[in-house]
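Protein chains in written order, with this note's numbering: chain E, 123 to 634; chain R, 123 to 634.
Just so it is clear, CB atoms sit at the ideal spot from N, CA and C, and this is done for glycine as well.
As structure tokens, the structure follows; a few thoughts come after it.
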Ligand SMILES: [Ca+2]
Ligand SMILES: [Ca+2]
Ligand SMILES: [Ca+2]
Ligand SMILES: [Ca+2]
Ligand SMILES: [Ca+2]
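In structure tokens form, the structure reads like this:
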């Protein structure tokens, strides 16, 4: 931080600092490690960059500790760095799989963190212990809500404090679907939620005649512990009220088998953290996202898993992730997903944009690398260990990428289905999101938002810009909060009761 | 009906009867108007057809009072009529716009029916009087539910018995959308609900940063009576709880202005009836759908409007509707929608099927005409007065077609947005559907379903097959029930509280 706090250098490796508000010509350039007594050579608008040291022509320009472009001319300390003197190198767009991959330095086993979680038969660990009501089709969405309401009203869960509640997972699809990726998405979402480590028992509820059939699901996917799964249909049960009654009776019967589950010390390596952003602003890329990236690195160093998603938001800078790939196969999988998105958007008259927009440029973003690094910063710096389809079960530890839209509810629904047992969600403009059965922590990118939506926001990352907190400090704070929430502490969005309407399987393809 | 009730001839014009169960060779062919003493010449499986009179080679074969194919050889009374002796004529697939159009014989003004409805400033009439909470984006779905819950809990509506309730219209989209038909669908759905004749006041609730912006909506569409529309966003209001509080306060303020609305006698010409089916079975095409079609004809003869939809289900027989078109332009609009669907499904690796499937044929359906007539039978027989885009406001009286998928919640959501003030929904396998702010009447195609799901079903159309009720009698019964429900009688799905999760705008295109 410089003296008056208007310039922010994100990491000590950075060649540039970001102006947090307009900085006048001649202002001090007092960033740690920068040249003594240097001054800003021209006015720098808020969000724009200033060189904190001399950069020779042809040298890389670093922000976020990473290369965002190359100097196209000599840039003296104090000069504005933007499209006139900084650009992508031609070789930068080549896909060099794995060239930046480095094995992660792990925290020694003896020093590893723990949380209090629920151990499951399949070896995974839950951060919550919930009964899930999985509607196979929209026709059962009202019924699963009524079942949850009836169970809650009955008080039958009062004798089972080890059960954190019952979640009604109704959605808008499940029929009028044709075979293909949309149906497969929904199958993986349903199965991923029913078998989720935060779920102690699942009851599938169907209408009976829909495309999405419970029996086919059970056949296609490995069932695991069959005693955890139950199913009924409205048509067989004889209508709405009788289905609710039958379901409530079924749940009452299963409760004794669910009794006695206890939180126990579980290594942090069982954390599966979903990384997400929504309602981004100019601070996202410099405060909350890098801080969350730091927390993701801490999770990975503990042997845990962090899931980056939102494919459209890393588009154009996917080679940065590809270079971090642990193998040729992992890198290829990411490139395959990018190619799929190019087809998907072209088919649908939509556009993937691999250039900063005029608005982005006016705001100070120089290259697509800089733009996408702001989003990808949530993913930290460790090796990319796997690439997953939407809602595909996570099978590896470390940093992974799961394909999804940027649209929050669809993306998070896929991440939870993949096995995320906690979600960290950065927001700049303010998001009213929450999820179940895995809780969502909300990270504000700026303190004004944090103050304004205090009852919705868990952590203020704005202090990185205003209060002298470093990205590393904030990352450590987020990691500590992840452990608390994983151990049962309530998030703001849980306290507000979110999660009933934010379960949104990603729909692809024609609705017939 | 023949003596033992196993053979059903749907209309006196029909050349065939349908076997309601397997009929043995030699059984009596006692249908009214058929040849005396004739016998069934070969065993007829359930759902299959038998000739009730001699049909010469090349002559049309009629079922539903309409041509389903032509005799490819002489068919004697009592013979099985199926693919071996009945087929489409080549000329049948040509588009002859308007050739079957006949002006409807209207009920004389003095004899017209009335219902007790709510007159609106724009001239339309409501069958309910509700406050609508319209979420512009999924991010506000939980908040609109909380607002409705808080208003209900507060008891503030107790002093306003003229208000039928408050409906929370949350949905799964509104962001991650790109310009195009998907965004336009959502805009029309939002606007159609906010301005719906069953709605006395609408409060839009947004997050604040979504693609779907309230101001743009207001600019694009005619606002009508501005005092009916209110809006707020979660970001401006300062989070979840404050938004709920602000909304509840806003509703409390508007209540005095909404007081005093009264049901008054309104001509049945203000009825806008949505026709729908879901969970069809072998009885759909011969009981509930024709009976609903008869009711639609009665509505149209009163000067009212009936909306047929579910484009994929009329595919292959669209020329039957095109021939009923009141003008070249109306016929063209339907053909345009069909062409759009062919592109939509092709782009998405889905398929429009214009042949009866092997399963359909095994079940006794001979031609695509017969199959689609079973679905289109809901639309009755009057002239096709207009063709609408999904969720486009109905502007004409009479029988109209609105483009939509067959998928129930998406189709009905569009029909209500178009202005339907009551929905008639036929189901054979049993549907757990209901809607708000326009109520849904559920018509069972068979008595077994009606008995099994009695609390969900309003009318048993199975008596057409089993109890000697005619299609015309059942149509009159449905029409009478429409008037009662339009006047305020509660439907089964309203009593069960449906409508909170069945509001599903049709999503088209890529989710980004
Ligand atoms: Ca985002
Ligand atoms: Ca997002
Ligand atoms: Ca929904
Ligand atoms: Ca249908
Ligand atoms: Ca339907």
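DSSP bridge partner residues for residue i (one or two, in chain order)
i	result
residue 192 of chain R	R:182, R:209
residue 202 of chain E	E:172
residue 222 of chain E	Looking at the DSSP assignment, residue 222 of chain E forms no beta bridge with any residue, so it has no partner.
residue 241 of chain R	R:247
residue 564 of chain R	R:547
residue 623 of chain R	Answer is none; residue 623 of chain R lacks a bridge partner.
residue 355 of chain E	E:328
residue 148 of chain E	None; residue 148 of chain E has no bridge partner.
Rounded straight-line distance, which links the Cα of residue j to that of residue i
i	j	result
residue 279 of chain E	residue 271 of chain E	12 Å
residue 308 of chain R	residue 335 of chain R	11 Å
residue 670 of chain E	residue 549 of chain E	With chain E covering 123 to 634 only, the question about residue 670 of chain E has no answer from this structure.
residue 617 of chain R	residue 436 of chain R	32 Å
residue 171 of chain R	residue 486 of chain R	7 Å
residue 405 of chain R	residue 129 of chain R	13 Å
residue 381 of chain E	residue 286 of chain R	43 Å
residue 491 of chain R	residue 351 of chain E	44 Å
residue 224 of chain R	residue 579 of chain R	34 Å
residue 148 of chain E	residue 161 of chain E	5 Å
residue 398 of chain E	residue 564 of chain E	10 Å
residue 512 of chain E	residue 221 of chain E	26 Å
residue 133 of chain R	residue 208 of chain R	19 Å
residue 328 of chain R	residue 503 of chain R	43 Å
residue 232 of chain R	residue 417 of chain R	20 Å
residue 376 of chain R	residue 341 of chain E	54 Å
residue 304 of chain R	residue 472 of chain R	18 Å
residue 277 of chain E	residue 283 of chain E	11 Å
residue 498 of chain E	residue 577 of chain E	27 Å
Chain E contact for residue i (CB, 9 Å cutoff)
i	result
residue 472 of chain R	yes
residue 628 of chain R	yes
residue 194 of chain R	no
residue 297 of chain R	yes
residue 311 of chain R	no
residue 582 of chain R	no
residue 624 of chain R	yes
Residue environment, residue i, which counts as buried when at least 16 other CB atoms sit within 10 Å
i	result
residue 409 of chain E	buried
residue 258 of chain R	buried
residue 135 of chain R	exposed
residue 479 of chain E	exposed
residue 206 of chain R	exposed
residue 332 of chain E	buried
residue 137 of chain R	buried
residue 378 of chain R	exposed
Whether residue i touches residue j by CB criterion (9 Å)
i	j	result
residue 312 of chain E	residue 339 of chain E	yes
residue 318 of chain E	residue 560 of chain E	yes
residue 246 of chain E	residue 558 of chain E	no
residue 354 of chain E	residue 372 of chain E	yes
residue 540 of chain E	residue 394 of chain E	yes
residue 494 of chain R	residue 423 of chain R	no
residue 546 of chain E	residue 500 of chain E	yes
residue 459 of chain E	residue 509 of chain E	yes
residue 260 of chain R	residue 530 of chain E	yes
Any chain R beta carbon closer than 9 Å to residue i
i	result
residue 523 of chain E	no
residue 555 of chain E	yes
residue 357 of chain E	yes
residue 540 of chain E	no
residue 618 of chain E	yes
residue 493 of chain E	no
residue 329 of chain E	yes
residue 399 of chain E	no
residue 575 of chain E	yes
Within chain B, the residues that residue i reaches when beta carbons sit closer than 8 Å
i	result
residue 466 of chain R	The structure shown contains no chain B; the protein chains it does contain are E and R.
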